[in-house]
Amino acid sequence: MVVLLFVAVLASFVSGTYPSLTGESGHHVAGVRNGRVDPRLLGATPFATPGTRQNADGTYEAFVVARAFQFEPAVLKVPAGQPVTIHVTSADVMHGLMIVGTNINTTVIPGQVSSFTTTFRREGTLDVICNEYCGSGHHGMISRLTVEVGPP
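In this note's numbering, the protein residues as written are 6 to 157.
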């Protein structure tokens, strides 16, 4: 089983389908190198203004910061029916990001950026929770993802 998993991961690297820090257009995230970002310098990266933005080429990217029992932004708005690349990092300790009702679930480690591209097909609001124990306020680390028609 382990060998099969290793072969699958290796094949994804070779084929270029492994998640990376490039958006659909192939551009890199400013201030991020090799999947890493200095948590002390988030103010000099797109994580300084968390939220969703449309790039000049029409693609969408969202930046999320996990820190001390909250996600920033508290409400992330994304367009329905459009691919969105979501980049998430931690400013302090290890967190988790799980979007309830989807199969999106990633570990958020300080100094690293987790990125994934997905398309939300239906309008609505989804809960975003931290599923990695991060301290005494962990139970309240909940935010929302709002899927809207048109640009966010």
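We put the CB at the ideal spot given by N, CA and C, even for glycine.
Keep in mind it's a predicted model, so treat the numbers as computed, not measured.
Whole-angstrom distance between residue j and residue i, CA atom to CA atom
| i | j | result |
| --- | --- | --- |
| residue 120 | residue 150 | 16 Å |
| residue 146 | residue 154 | 27 Å |
| residue 130 | residue 45 | 32 Å |
| residue 57 | residue 63 | 12 Å |
| residue 128 | residue 37 | 31 Å |
| residue 110 | residue 73 | 19 Å |
| residue 143 | residue 115 | 16 Å |
| residue 66 | residue 141 | 31 Å |
| residue 132 | residue 102 | 10 Å |
| residue 42 | residue 137 | 20 Å |
| residue 156 | residue 34 | 21 Å |
| residue 152 | residue 60 | 18 Å |
Closest residue to residue i among the options (Cα-Cα distance)
| i | options | result |
| --- | --- | --- |
| residue 139 | 83, 90, 61, 100 | 100 |
| residue 87 | 126, 43, 143, 38 | 126 |
| residue 104 | 91, 115, 114 | 91 |
| residue 40 | 118, 137, 132 | 118 |
| residue 70 | 52, 85, 112 | 52 |
| residue 122 | 148, 83, 106, 134 | 83 |
| residue 50 | 68, 59, 61 | 68 |
| residue 85 | 135, 108, 124 | 124 |
Reduced DSSP secondary structure (H/G/I, E/B, other) of residue i
| i | result |
| --- | --- |
| residue 106 | coil |
| residue 125 | coil |
| residue 101 | strand |
| residue 140 | coil |
| residue 53 | helix |
| residue 44 | helix |
| residue 31 | Confidence in residue 31 is poor, its pLDDT being 46 and thus under 50, which makes the residue's placement too unreliable to answer from. |
| residue 26 | Bear in mind that a pLDDT of 39 at residue 26, under 50, signals an unreliable position, so the number given afterwards is only what the model happens to contain. Three-state result, residue 26: coil. |
Whole-number beta carbon distance between residue j and residue i, since they are thought to touch under 8 Å
| i | j | result |
| --- | --- | --- |
| residue 148 | residue 81 | 7 Å |
Original post:
If you pair each beta-carbon of the region 95 to 103 with each one of the region 68 to 86, do three or more pairs fall below 8 Å?
Top reply: yes
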